[in-house]
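Engineer:
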Amino acid sequence: MTGKVSVALLLSIICSLAVAQVSLTQDKELEKHLIQTGLIHSPLPLDDSRSYEQNGWQKKVLDSKVISLKDEFPKWNHQGLGYMAFSADFSASGSGSIKLAYPSSTGKRAQGSPSDPDYATYGHAAVHYDLGGVNWEKYNRIVFYIYPDCDGSRVVNMDLSIFNKSSIEKPGYNRQSGGHLINLKNKEWNKCFLDIDEYQRDNITQIGFSVSNKGKDRTTGDSLIYYIDKIELQQIENPEIVSGWLPGKDKLVYSTSGYMLNDKKTAILNMAPEIHKNRFELVDAAGKVAYQGDIKNEKTSIGSFDILDFSEFNTPGSYQIKVGNIETPSFLISDNLWENSLWRVLNYIFCQRCGHPVSGIHGICHTDLCAVHDGKKISYGGGWHDAGDLSQQTLQTGDITYTLLEAYSKLKDKNGLLAARLLEEAEWGLEFMLRTRFGDGYRASSVGLLIWLDGVFNSFDDINSVRVQNLSFDNFLYAGYEAYAAMILDRDPRLQEHLLKIAKEDFNFAMQRHKEIGYGEFYHFYEHSYNTSESQYMATVSWAASMLYKLTKEQGYADIAAEYIRLTLDCQRKEPLKDKDKTKGFFYRDLSRKSIVHYIHQSREQVYMQAMTLLCETQPKHPDYSKWQESIRLYGDYLKGLMKYTAPYGMLSSGVYHVDEYRDSTSFYRLHLFPPENAKELYSQQVQKGVKLDKEHYMKRFPVWFSIFNGNTAIHLSTGKSAVLCGKFLKDEELLQIGREQLYWTVGKNPFGQSLIYGEGHNYPQMDSFSSGEIVGEMPVGIRSLGNEDIPYWPQTNTACYKEVWVTSAGKWISLAVEY
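Taking numbering that gives the first Met the number 0, the leading residue of the sequence shown gets 0, the next gets one more, and so forth.
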């Protein structure tokens, strides 16, 4: 089926372009690449000319110091696989380089921890430069060159590590040590840098360069070699900020993709008044001034900001902002603004395919990764790799599949070619969802994975430990997704029949398990459903039942949907807090009301409003209709109340926290994985960094979090989706604007002025994609907060989890962007 779809798409493109009636996208360069890749049947080419790293090279260097590798070679040492040598002949500087070489195969099985034995590599190879404790405070950047000479390797990267050993933590610094992943191009010298202004560097003891052995892809050679050269310390002028709400000095932050027509259009400036003179201009593509405006100062709960507001300007086109000595790159004002990003993010999802060759990234992979149940074995190569690693979760693939189907439904009458390609990708995910069923309620569920496998069954690297489980929550979601797919995929009647059948089966499996066990049964904390609250669980049951009712018209599903939402309704705060705004409308985790619903990583917060709005759609004459309607209104008002805490930015705040939530141990440790011993004390410290509402409650802009699992993209985009669902139901433009603001924040209207979608807009950084390499459209877990503070933190340092790429973030983007 997929091949037929691809041919049809390509024929559509050729015919459409031949008669000049259809445009794939507003970006003509992107359109060219879409055609060259067969409408994303191979990856879109990277463009680093607009990247954060390329912009970084424009910084003025005030001072520098070169490290002589030849003279300092005795201070270098090797650890792990392979060997180290000084190469006098191969060098970017002409003075020699450090050579690190290691074999691609060790002949041994990768072995991880006892709790997760298959989450492992084949080892590491590293070189370290012992400095003995030197002061680098004079310098705020390290520059270096790396040449990967790795035959057959389509993805190459290397980690830079910096170690500072000081007994006293100095104020003004965020870390003493850290690791930074650099995505590289094979068979060429890569000029790289890391800005280290945030690092405490009064006693640098060591720097290191390391690589992980992740096994052999189809084309990987027998040995891998990296050369390191031209290490230089630099002092640069005006380094980029890494934390805080105020943009960097002489910086303007704005939506680098652009702004929608007839929408609020603002940008935020940090520049001396004598330079900006309280005026700014919009300049069109012809170089003519299209609009002039005054700069206005606005004081909010997070500071004082100079605001450029051109909301009243609504002529479509390409524009630049001129203010003081700043002239931005071009951006769009358009009623179809997000189309370019949808193509790019779809490209990232395609490139994450598992079990399918992706040109320039990997061949057919993980066919010998298997799940075993009841004497049966299923290959788990399929769906999409979850993140920067090669892990896979069927439920995550299900989430993305539903999102792509929903996007297809919303776009098929607006952009048929994009919609068709979204549908094709959805069918890839749907096939995996169906193939992982054992037919008795059990499903191949998840696996943590870091390595490529050889694709040969019964060889040394076979993995047969894919998790298998029969969980009611999972099967409720699958049933809802399958029911929706049955309503959408009308070009394949036999598949529709099958989807109807298994949607009912999976719902019955889920209901049977629910009647036996009830809420709970979240066994695997590596799966991103582990934090599911009872109120969210019951909303999910209701939503899935409503989907089955919409599909089948069987009253039993309608009755279940109405019954199971009642607990969720009872978990909603209807009485106001004792703050001046009388805040209410949020949800508690359960009827005890000890803990409020929060997310720190994965978020399915939108399911509350998906359930409520679908109930209203499918059962408008139900006696409880007014209760569902009121729940939507209450929640919408709650979301409106969150916005002032991050103004003039548009990022939705995390929400209300109770001071004693840590006392609810069950909920606390389901949300906070791998917590430190003092997690409860840290909880109190972080909560109190928020805004006090009353004696028991605080408003937090960012979530409380302590473990590696943190980053805000999926969280605020999911809440943004909730705002849109409320806004469309209530016909409330303010709520629809909240959704748009989540998109603007993501593509640059944030304190760092960075787009969090690689290739979209401008000033997008490298991200932690250590298995599949840099990819157009990749998105990270997201901006986090700094320490126990409630302020944004987004350093250049490229590491997990906040900068790790994630298909969940991509899915949340598509889900929200297609609403406009």
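Backbone N, C-alpha and C define an ideal beta-carbon position, used for all residues, glycine too.
Using DSSP bridges, identify the partner residues of Asp-308.
Structural biologist: Thr-265
Engineer: Starting from Gln-511 and walking both ways along the alpha helix (DSSP H), at which residues does that stretch end?
Structural biologist: DSSP places Gln-511 in the uninterrupted alpha helix (DSSP H) bounded by 492-516.
Engineer: Look at Ala-485 and Leu-498 and say whether their C-beta atoms are less than 8 Å apart.
Structural biologist: yes
Engineer: Based on Cα-Cα distance, which residue from Trp-627, Leu-613, Lys-593, His-40 lies nearest to Glu-424?
Structural biologist: That would be His-40, whose Cα lies nearest to the Cα of Glu-424.
Engineer: Given 7 Å as the limit, tell me if Gly-781 has its C-beta closer than that to any heavy atom belonging to the ligand ADP.
Structural biologist: What this structure holds is no ligand at all, so the ligand ADP is not there to describe.
Engineer: Classify Lys-811: buried if its beta carbon has 16 or more other beta carbons within 10 angstroms, exposed otherwise.
Structural biologist: Result: buried.
Engineer: By a C-beta neighbour count over all protein chains shown, 10 Å radius and 16 as the cutoff for buried, is Asn-749 buried or exposed?
Structural biologist: buried
Engineer: Confirm, please, whether the CB-CB distance from Tyr-697 to Gln-687 is below 8 Å.
Structural biologist: yes
Engineer: Could you tell me the distance, in whole angstroms, from the CA atom of Ile-166 to the CA atom of Asn-202?
Structural biologist: Ile is not the amino acid found at residue 166; the sequence shown has Ser there. Going from the Cα of Ser-166 to the Cα of Asn-202 covers about 10 Å.
Engineer: Using DSSP bridges, identify the partner residues of Cys-615.
Structural biologist: Cys-615 pairs with nothing; no bridge assigned.
Engineer: Can you give me the Cβ contacts of Arg-466 inside the same chain, cut-off strictly under 7 Å, excluding the 5 residues immediately before and after it?
Structural biologist: Ser-444, Ser-445, Val-446, His-523.
Engineer: What does the alpha-carbon distance come out to for the pair Arg-200 and Glu-136?
Structural biologist: 6 Å
Engineer: In this structure, how does DSSP classify His-600 when only helix, strand and coil are distinguished?
Structural biologist: Coil.
Engineer: Could you tell me whether the region 504-522 touches the region 454-465, using the rule of 3 or more Cβ pairs below 8 Å?
Structural biologist: As far as the Cβ criterion goes, the region 504-522 does not touch the region 454-465, which means the pair count is below three.
Engineer: Return helix, strand or coil for Gly-760, following the three-state DSSP convention.
Structural biologist: If DSSP states are grouped into helix, strand and coil, Gly-760 belongs with coil.
Engineer: Write down the C-beta distance between Asn-339 and Asp-46 rounded to the nearest angstrom, noting that I regard them as a contact closer than 8 Å.
Structural biologist: In fact, because the Cβ distance is near 12 Å, the residues do not count as touching under 8 Å.
Engineer: Cutting at 7 Å between CB atoms, please list the residues of its own chain near Phe-854, excluding the five before and the five after it.
Structural biologist: Outside the displayed range of the chain (0 to 819) lies residue 854, so it cannot be described from this structure.
Engineer: Beta carbon of Ile-578, beta carbon of Leu-692: below 8 Å?
Structural biologist: Note that residue 578 corresponds to Asp in the displayed sequence, not to Ile. Leu-692 sits close to Asp-578, with the two beta carbons spaced by under 8 Å.
Engineer: Alpha carbon to alpha carbon, what distance is there between Lys-720 and Ser-653?
Structural biologist: Rounded to whole angstroms, Ser-653 to Lys-720 spans 14 Å at the Cα level.
Engineer: Check each candidate in Asp-473, Pro-170, Gly-257, Gly-772 and name the one with the smallest Cα separation from Gly-760.
Structural biologist: Scanning Asp-473, Pro-170, Gly-257, Gly-772 for the CA closest to the CA of Gly-760 turns up Gly-257.
Engineer: Sorted by chain position, which residues of the same chain lie with C-beta nearer than 6 Å to Glu-280's C-beta, five sequence neighbours on each side aside?
Structural biologist: Around Glu-280, the same chain offers Val-288, Gln-291, Lys-321 as residues with beta carbons nearer than 6 Å, after the five sequence neighbours per side are excluded.
Engineer: Can at least three beta-carbon pairs, one atom from the region 229-246 and one from the region 57-64, be found at a separation below 8 Å?
Structural biologist: yes
Engineer: Rounded to the nearest angstrom, what separates Lys-639 and Thr-402 at their Cα positions?
Structural biologist: Note on geometry: alpha-carbon atoms of Lys-639 and Thr-402 lie some 25 Å from one another.
Engineer: For a minimum of 3 consecutive residues, which ranges assigned as the beta strand (DSSP E) are wholly contained in the region 347-430?
Structural biologist: 369-372, 375-378
Engineer: When we look at the beta-carbon of Ser-310 and count the other beta-carbons within 10 Å, is it buried (16 or more) or exposed?
Structural biologist: That one is exposed.
Engineer: Straight-line CA distance for Ser-22 to Tyr-146?
Structural biologist: 40 Å
Engineer: Under the three-state reduction of DSSP, which class applies to Phe-585: helix, strand or coil?
Structural biologist: coil
Engineer: Only counting the same chain, and skipping five residues up and downstream in sequence, which positions put a Cβ closer than 6 Å to that of Phe-431?
Structural biologist: Gly-381, Gly-382, Thr-396
Engineer: Can you check whether the CB of Gly-387 is closer than 8 Å to the CB of Glu-773?
Structural biologist: Taking C-beta atoms as the reference points, Glu-773 and Gly-387 fail to come closer than 8 Å.
Engineer: Given this structure, state the Cα-to-Cα distance separating Ala-119 from Gly-214, to the nearest angstrom.
Structural biologist: C-alpha separation (whole angstroms): 10 Å.
Engineer: When the Cα atoms are used, what is the spatial distance from Ser-608 to Thr-36?
Structural biologist: The displayed chain sequence assigns Met, not Ser, to residue 608. Straight-line Cα distance between these residues: approximately 38 Å.
Engineer: Counting along the chain, where does the alpha helix (DSSP H) carrying Asn-54 start and finish?
Structural biologist: 51-55
Engineer: Grouping DSSP H, G and I as helix and E and B as strand, with all else coil, what is Ser-814?
Structural biologist: Ser-814: helix per DSSP, three-state reduction.
Engineer: Can you name, in chain order, every residue of its own chain whose Cβ lies under 8 Å from the Cβ of Pro-779, other than the five neighbours on each side?
Structural biologist: Gly-710, Thr-712, Leu-755, Met-766, Asp-767, Tyr-801, Lys-802, Glu-803, Val-804, Trp-805, Ser-808
Engineer: Can you tell which of Thr-219, Gln-110, Thr-582, Gly-151 has its C-alpha closest to the C-alpha of Asp-831?
Structural biologist: Shown here, the chain extends from 0 to 819; a query on residue 831 therefore has no answer.
Engineer: Whose C-alpha, out of Glu-273, Ala-91, Asp-196, Asn-277, is nearest the C-alpha of Lys-840?
Structural biologist: Within the shown structure, residues of the chain are numbered from 0 to 819, placing residue 840 beyond reach of any answer.
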